[in-house]
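Structure record follows, encoded as structure tokens.
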Amino acid sequence: MPSKFKTTEISDPQFEQNGLRFITVKTPHLKGRGDICLFVPETTKTLSDLPLVILMHGVYGSAWCWSMKAGAHLTAQKLISAVKIQPMVIAMPSDGLWGDGSAYLSHHSRNFEKWIAEDVTTAVRENIPLVTEKSPLFIAGLSMGGFGALRIGAKYPEKFRAISGHSSITSLQQMKLFVEEPLSDYKQENPVDEDIFKTMQSNQNQLPPIRFDCGKNDLLIEHNRLLHQQLEQENIPHIYEEFEGEHSWDYWQKHLEDTLLFFNAQL
2 MPSKFKTTEI
12 SDPQFEQNGL
22 RFITVKTPHL
32 KGRGDICLFV
42 PETTKTLSDL
52 PLVILMHGVY
62 GSAWCWSMKA
72 GAHLTAQKLI
82 SAVKIQPMVI
92 AMPSDGLWGD
102 GSAYLSHHSR
112 NFEKWIAEDV
122 TTAVRENIPL
132 VTEKSPLFIA
142 GLSMGGFGAL
152 RIGAKYPEKF
162 RAISGHSSIT
172 SLQQMKLFVE
182 EPLSDYKQEN
192 PVDEDIFKTM
202 QSNQNQLPPI
212 RFDCGKNDLL
222 IEHNRLLHQQ
232 LEQENIPHIY
242 EEFEGEHSWD
252 YWQKHLEDTL
262 LFFNAQL
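Next up, the structure:
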């Protein structure tokens with residue numbers, strides 16, 4: 002079957018380590034190329050239809066961050082080897098590399114949302130035989146990536162088995178805490194797309210299982226507490242947890258395990 006992408010480059014297995022590989026595809030949604038760092042688990046069993054987790058980074062970063070700043074692939078392999086989670090593939094895409102962060106929204110003639118919601122899964126399925134149309138799909142992220150994961154997961158509930166966020170931006174207004182680009186650059190035609198609660202509220206009868214957490218000393222803690230309160234008032238089922246910690250990679254490295262265990266529980 003022909004590829005949906007104009008061009009595809011994938012890393013050579015002889016140079017890959019610790020289950021990490023890389024894919025670059027050219028897509029109209031980005032008007033250019035997009036990068037995906039992949040974790041493909043090591044296993045002695047013959048497997049198919051493996052779950053696929055889309056794991057999204059925050060501002061300033063790119064596809065490499067979750068693996069090289071938090072060892073996401075090592076955490077996943079440790080849990081798989083300990084039989085705490087089923088083998089699963091993790092796709093860690095770039096946000097599209099616009100400005101300090103694209104917010105995973107559609108703007109400037111590029112659709113960073115559909116890059117995540119459509120292209121990433123297609124690129125993985127085309128190049129990783131362990132992942133198929135039958136593979137359960139999950140989405141998670143940190144900070145801006147948490148905003149993207151919770152929002153995209155709620156906007157396309159039919160696609161995802163469950164969604165999770167760490168230290169998440171909960172509304173577009175909070176991007177100004179991190180980026181130099183003006184908020185007007187991110188403005189959406191539909192204001193619902195600028196807010197996680199409004200997105201969840203609009204699809205509340207079909208949402209997949211939701212969890213999110215935040216560090217007690219995180220600059221976004223009050224925003225996450227407010228989202229929790231809003232969801233409770235609207236009787237939207239979810240899990241919200243607070244832990245010791247700040248808006249830092251130490252926190253995300255530690256609590257990625259919570260996301261993977263949560264996703265595994267939905268299988």
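If you read the sequence shown in this note's numbering, its first letter stands for residue 2, the second for the next number, and so on. Even glycine gets a Cβ: it sits at the ideal position worked out from N, Cα and C.
Spatial neighbours of residue i in its chain, beta-carbon cut-off 7 Å, leaving aside the 5 residues before and after
| i | result |
| --- | --- |
| K135 | D50 |
| S122 | For clarity, residue 122 is Thr in the given sequence; the question names Ser instead. Excluding residues within five positions, the ones whose Cβ falls inside 7 Å are L53, L138. |
Pair within 7 Å by beta-carbon distance, residue i and residue j
| i | j | result |
| --- | --- | --- |
| F40 | H74 | yes |
| S168 | C215 | yes |
| R162 | F179 | no |
| F198 | G166 | no |
| L31 | R152 | no |
| K27 | K7 | yes |
| W116 | G97 | yes |
| M145 | G102 | yes |
Residue i versus residue j: straight-line alpha-carbon distance, rounded
| i | j | result |
| --- | --- | --- |
| V84 | A77 | 11 Å |
| E233 | H224 | 14 Å |
| S95 | G20 | 18 Å |
| T171 | Q15 | 41 Å |
| S82 | M69 | 20 Å |
| A92 | P42 | 12 Å |
| I222 | V193 | 22 Å |
| L80 | E159 | 27 Å |
| Q189 | F23 | 31 Å |
| N206 | G154 | 14 Å |
Strand pairing of residue i, partner residues [DSSP]
| i | result |
| --- | --- |
| H108 | R111 |
| L39 | R22, A92 |
Neighbourhood of residue i by C-beta, 6 Å cutoff - its chain only, sequence neighbours within 5 removed
| i | result |
| --- | --- |
| L156 | Residue identity check: residue 156 is Lys in the sequence provided, not Leu. The answer, listed in chain order, is T200. |
| A141 | L56, A150, S165, T260 |
Contacting residues, own chain, Cβ-Cβ under 8 Å from residue i (five flanking each side not counted)
| i | result |
| --- | --- |
| L184 | L173, Q174, M176, K177 |
(message) What ranges does the alpha helix (DSSP H) occupy inside the stretch 72-150, keeping only unbroken runs of at least 4 residues that lie completely in it?
(response) 73-82, 122-128
(message) Extract the residue ranges of the alpha helix (DSSP H) inside the stretch 175-246, only unbroken runs of 4 or more that lie entirely within it.
(response) Given a length threshold of 4 residues, each whole run of the alpha helix (DSSP H) inside the stretch 175-246 is given here in chain order: 197-203, 222-234.
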